[in-house]
Amino acid sequence: MESVVFLALAMLSAPLFSAIILKVKAFFGGKKGPPLLINYYTLVKLFQKGSVYSTSTTFIFKLGPMVSLCSAVTVLMFLPIAGQTPVFSFTGDVIFLLYLMGLGRFFTIAAAMDTASPFEGMGAAREAYFPIICEATLFMILILLYTITGELRLAAFFSGDQPYAIWQTAGAPLLFVVVSLFIILLTENSRVPVDDPATHLELTMIHEVMVLDHSGPDLAFIELGSFFKLFFYSALISRLIFPFDMGHPIVNGGMFAITLCAVYIAAGITESVMARYRMDKVPKFVLTSFALAFFATVITLEFL
Amino acid sequence: MKTDFLEIENGRKLARDEIPHLGFDEFRHQALDIVKDGGKVIHYFAYPEGGDMKLMAVLRTDRLLAAGCDAPEAYPSFTAECEPFHIFEREIAEQFGIRPEGHPWLKAVRYHANYRGKPDVFGNDYAEDIPGNYEYYAVESEEIHEVAVGPVHAGVIEPGHFRFNCIGERVLHLEIQLGYQHRAVENLLLNADARRLPIIAESIAGDTSVGNSLCYSQAVEALSSVAPDKGAQVIRTIALELERIANHVGDLGALSGDVAFLPPANYCGRMRGDFLNMSLLLCGNRFGKGLVRPGGVCFSLADEVRNILDERIKEIKPQVRHVAELLFSTPSVLSRFEDCGAVSLSDAEKLGLVGPAARACGMPYDARRCFPTEHYKRLDIPEYALPSGDVYARAKVRGDEVMQSINIIQSLINGPVETDCVNGKIPALEPSSFVVTVNEAWRGELSHCVLTDAEGGILRYKVKDPSFHNWNGLAMSLRDTGISDFPLNNKSFNLSYCGFDL
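Those protein sequences? They're chains A and B, same order as listed. Residues 6 to 309 in my numbering are what the first sequence spells out, letter by letter. Residues 322 to 823 in my numbering are what the second sequence spells out, letter by letter.
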């Protein structure tokens, strides 16, 4: 029951957290920025609109947003939000989740290719390339966590005070994991310095360009899916930053929300204080996350 | 080197029969010699007189040189021997149907039928859309993909079509197609009522309104022997520098925005507004429209206004400096700017680049220093160029020019400026005369050339925007550059569509 409540809360609040990034960026830019509820307004606006479909697209184009949203929601169901037991959990669910997100991405890419626009093809090529490196990193982290806990469930890594136990075993190398997870968060969610969610220049876009042709509710699905995805990665990091179980779900929830804010603010600050990388430098940046995770694993395995 | 080309002065009227009228072969030979020897083309155009066509060339070395000749219907292309003529020959072919034989890239410039009703040189049917009877350059291979951008763009900018031949992310070739904004400005200037001319001149390119009205007014002043007083010259100089600052600052912000570095992007956007508002203070228009008129300026610089201007500049100067320092000292920004879209000096020479884009390639030419008009004669504009030719150099040149221009304005407003305002009356032009005016607008060398007929009417009004030279520089900068760096390069040049399309 509590799990379902937390899931509902997470889904409701995900757009709010995303707005924190906008506020931080506005602060650094010397602006007031949009209201914190901006994402809700946008979603309501989009849901009230109709969709426009190009005559050259097929059902794949309509399927893309739905599949990507569904995969994001399903992933959240396996997430131990605020350290609570997740709604679903089974041995090996981590691998299932990785590929579920892969499925969502596949359909986004397929929908983009379906439009036959040269921009979207370019964006799709970039979107297909960078997450491959992320996947390698995630598996490296998985190997580390599996070695420590002996389990292959997300809940076994991140629920209750499990993260604390992992910190005690792995120690400092886990800091590497936190950093590499943060890099993955930036990459997977098309944030600066990998991508620029605010740009209007199609030629430089990665993720944004693939959703250019979607409109109305379809676009709302995509936006919602991306809020959930960002929430998922931020939740993992905040569980590692604040690995304790305070004993009461509400206190846990409160602490979780605060650390979550910290992660979003960190993302906002990163976006504000640096420029984007040149496209050919991005893989190097993402590979850094792999190198860090690899080091963490090697060090931990060596001294276990 | 001995040449029959006549040495002329910027903004100085000549009787048309003073300009050497050479035989075509002599003209061709000498023009090629001058340009091959390091000279540059300012104007090369055709004009009708009586029933005949004539050619006129205005070249620059460290001086301005002019000569003309009778135009043949077809002639061996200059471009085949000397690249800087290439776009001028295309323009002549398009405007008057005079064919340059052996031109390596004979393509329409603005896509319109020629003015003489001659058979079209390009074989276009102008009822069709741009580019008509023209096949874009294409690289053929399985791995090559073509990306077409525009003419309708995301964002509120002017129309232009960009065609990239890419292998993966790397651009092999970019072809730029313009002409979507062609309004036949040069013909409009011929036929319009004299009182409308300053308005039309100001509107040739909205972001260069001071530059264009200055070129126009100087031409009219020369042709009617009216001279602006000293105060008017100071005010014109201030207005031109304000235009330069506002545009450069805006573009520095946009460059920063393109690499997703927000703080300078936002601050520059605001400061651009502040500088535009200084133009507003000066003349009631943020783009300086209605300020410069033949004979002087329409708005004086009262001490009260001068003090406000001085205060505002004192306040904003450190802000500009700080933002520029932030932009040019942030490593992630530098890693995007440096080595991105470099144009070599030899390419820049061949393309005849002008303005900040050329100074970023190591060509120090600045019309304010080389052919000074207005108050620039009494100013010391330092010789300045950066060698690298990349986005960093283009941004840095513009950043440094902003500070330089601010200093110029400050030096001009520290004492009273007195002028008698003009009432906008357009003086009559002297017949059978010729004048060329050259000014350094914010994009570079902007020039108008006016020929009058025997009755004192305008026979030919030739406008050359710096973008006329520089668009090919942009195409060149994209060679072997990532396609995702196109917006950055584009912004570092920030060329004019309407100034080119006329």
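Ideal placement from N, C-alpha and C gives every residue a C-beta, glycine not left out.
Residue 334/B: first and last residue of the uninterrupted alpha helix (DSSP H) it sits in: In the second sequence, residue 334/B corresponds to position 13, counting from 1. Counting along the chain, residue 334/B falls outside any alpha helix (DSSP H), and DSSP gives it neither H nor E.
Through-space distance from residue 329/B to residue 673/B, alpha-carbon basis: One-based indexing of the second sequence puts residue 673/B at position 352. One-based indexing of the second sequence puts residue 329/B at position 8. Cα-Cα distance, rounded: 21 Å.
Residue 391/B, enclosing beta strand (DSSP E) - first and last residue: One-based indexing of the second sequence puts residue 391/B at position 70. That run of the beta strand (DSSP E) goes 385–391.
Those residues which DSSP pairs with residue 395/B across a bridge: Residue mapping note: residue 395/B aligns to position 74 of the second sequence, counting from 1. DSSP, once it has assigned bridges, lists 420/B as partnering residue 395/B.
Inter-stretch contact (C-beta, 8 Å, three-pair minimum) for the region 737–752 of chain B and the region 662–672 of chain B: no
Which listed residue (593/B, 486/B and 394/B) has its alpha carbon closest to that of residue 462/B: Start at 1 with the first residue of the second sequence, and residue 462/B comes out as number 141. Among 593/B, 486/B and 394/B, the Cα nearest to that of residue 462/B belongs to 486/B.
Contact the region 488–499 of chain B vs the region 451–470 of chain B: 3+ CB pairs below 8 Å: yes
Inter-stretch contact at 8 Å, needing at least 3 Cβ pairs: the region 34–48 of chain A / the region 64–76 of chain A: no
Contact with chain A by residue 808/B, beta-carbon distance below 8 Å: Here residue 808/B refers to the residue found at position 487 when the second sequence is read from its first residue. Yes, because at least one Cβ of chain A sits closer than 8 Å to the Cβ of residue 808/B.
Boundaries (first-last residue) of the alpha helix (DSSP H) holding residue 743/B: By 1-based counting over the second sequence, the position of residue 743/B is 422. From DSSP, residue 743/B is part of no alpha helix (DSSP H); its letter is neither H nor E.
Proximal chain A residues relative to residue 804/B, where beta-carbon distance stays under 8 Å: Start at 1 with the first residue of the second sequence, and residue 804/B comes out as number 483. In chain order: 127 and 208.
Of the residues 648/B, 352/B and 331/B, the one placed nearest residue 541/B, counting alpha carbons only: Position 220 of the second sequence, counting from 1, holds the residue named residue 541/B. Of the listed residues, the one whose Cα sits closest to residue 541/B is 331/B.
Nearest candidate by alpha-carbon position, reference residue 424/B, set 400/B, 591/B, 632/B and 414/B: In the second sequence, the residue the question calls residue 424/B occupies position 103. The option with the nearest alpha carbon to residue 424/B is 400/B.
Which of helix, strand or coil DSSP assigns to residue 370/B: The residue given as residue 370/B occupies position 49 in the second sequence. In this structure, residue 370/B counts as strand in the three-state DSSP scheme.
8 Å Cβ shell around residue 753/B - same chain, five flanking residues per side excluded: For the purposes of this step, residue 753/B is identified with residue 432 of the second sequence, where counting begins at 1. So the qualifying residues of the chain are 336, 337, 338, 773, 774 and 775.
Cα-Cα separation, residue 409/B to residue 560/B: Walking along the second sequence from the start, residue 409/B turns up at place 88. Walking along the second sequence from the start, residue 560/B turns up at place 239. Distance between the alpha carbons of residue 409/B and residue 560/B is about 30 Å.
Limits of the beta strand (DSSP E) - the one that residue 785/B falls within: The residue given as residue 785/B occupies position 464 in the second sequence. Here the beta strand (DSSP E) through residue 785/B covers 779–785.
Distance CB(residue 675/B)-CB(residue 790/B) smaller than 8 Å: Locating residue 675/B in the second sequence gives position 354, where the first residue counts as 1. Locating residue 790/B in the second sequence gives position 469, where the first residue counts as 1. Yes, Cβ-Cβ distance for residue 675/B and residue 790/B is below 8 Å.
Residue 532/B versus residue 812/B: straight-line alpha-carbon distance, rounded: Against the second sequence, residue 532/B aligns to sequence position 211. Against the second sequence, residue 812/B aligns to sequence position 491. Residue 532/B and residue 812/B: Cα-Cα distance of roughly 20 Å.
Partner residues on chain B for residue 33/A, Cβ-Cβ distance less than 9 Å: Within the first sequence, the letter at position 28 stands for residue 33/A. Those within 9 Å of residue 33/A in chain B are 583, 584 and 587.
Secondary structure of residue 302/A, DSSP reduced to three states: In the first sequence, the residue the question calls residue 302/A occupies position 297. Helix, per DSSP.
Top-ranked residue by Cα proximity to residue 176/A, from 149/A, 103/A and 273/A: Counting from 1 along the first sequence, the entry for residue 176/A is found at position 171. Ranking 149/A, 103/A and 273/A by Cα distance to residue 176/A puts 149/A first.
Cβ pair count under 8 Å reaching 3, the region 812–823 of chain B against the region 572–590 of chain B: yes
Rounded straight-line distance, which links the Cα of residue 27/A to that of residue 37/A: Reading the first sequence from its first residue, position 32 is the one you call residue 37/A. Reading the first sequence from its first residue, position 22 is the one you call residue 27/A. Rounded to the nearest angstrom, the two C-alpha atoms are 10 Å apart.
When 60/A, 99/A and 81/A are compared against residue 122/A, the one with the closest alpha-carbon: Counting from 1 along the first sequence, the entry for residue 122/A is found at position 117. Closest by alpha carbon: 60/A.
Any 3 or more C-beta pairs closer than 8 Å across the region 763–772 of chain B and the region 364–378 of chain B: yes
Residue 793/B classed as buried or exposed, judged by whether at least 16 other C-beta atoms fall within 10 angstroms: In the second sequence, the residue the question calls residue 793/B occupies position 472. Classification for residue 793/B: buried.
Contained beta strand (DSSP E) runs [length at least 3] in the region 37–75 of chain A, N- to C-terminal order: none
Any C-beta of chain A under 8 Å from that of residue 813/B: Reading the second sequence from its first residue, position 492 is the one you call residue 813/B. Chain A, which has no Cβ nearer than 8 Å to the Cβ of residue 813/B, makes this no.
7 Å Cβ cut-off: residues of chain B touching residue 198/A: Mapped onto the first sequence, residue 198/A falls at position 193. Simply 653.
8 Å Cβ cutoff, residue 280/A in contact with chain B: Counting from one through the first sequence, the residue named residue 280/A turns up at place 275. Judged by the 8 Å Cβ criterion, residue 280/A is in contact with chain B.
Interface flag, residue 2/A vs chain B, CB-CB below 8 Å: Residue 2/A lies beyond the stretch modelled for chain A, which goes from 6 to 309, so this question has no answer here.
Closest residue to residue 165/A among 270/A, 88/A, 142/A and 216/A (Cα-Cα distance): Start at 1 with the first residue of the first sequence, and residue 165/A comes out as number 160. Nearest C-alpha to residue 165/A: 88/A.
Other residues of its chain near residue 784/B: CB distance less than 7 Å, five sequence neighbours each side excluded: The residue labelled residue 784/B in the question sits at position 463 within the second sequence. Counting only Cβ-Cβ distances below 7 Å, and skipping sequence neighbours, we find 506, 507, 525, 769 and 823.
CB-CB length for residue 522/B against residue 534/B, believed under 8 Å: Indexing the second sequence from 1 puts residue 522/B at position 201. Indexing the second sequence from 1 puts residue 534/B at position 213. The Cβ separation is near 5 Å, so the contact holds.
Touching by the beta-carbon criterion (3+ pairs, under 8 Å), the region 288–301 of chain A and the region 714–725 of chain B: no
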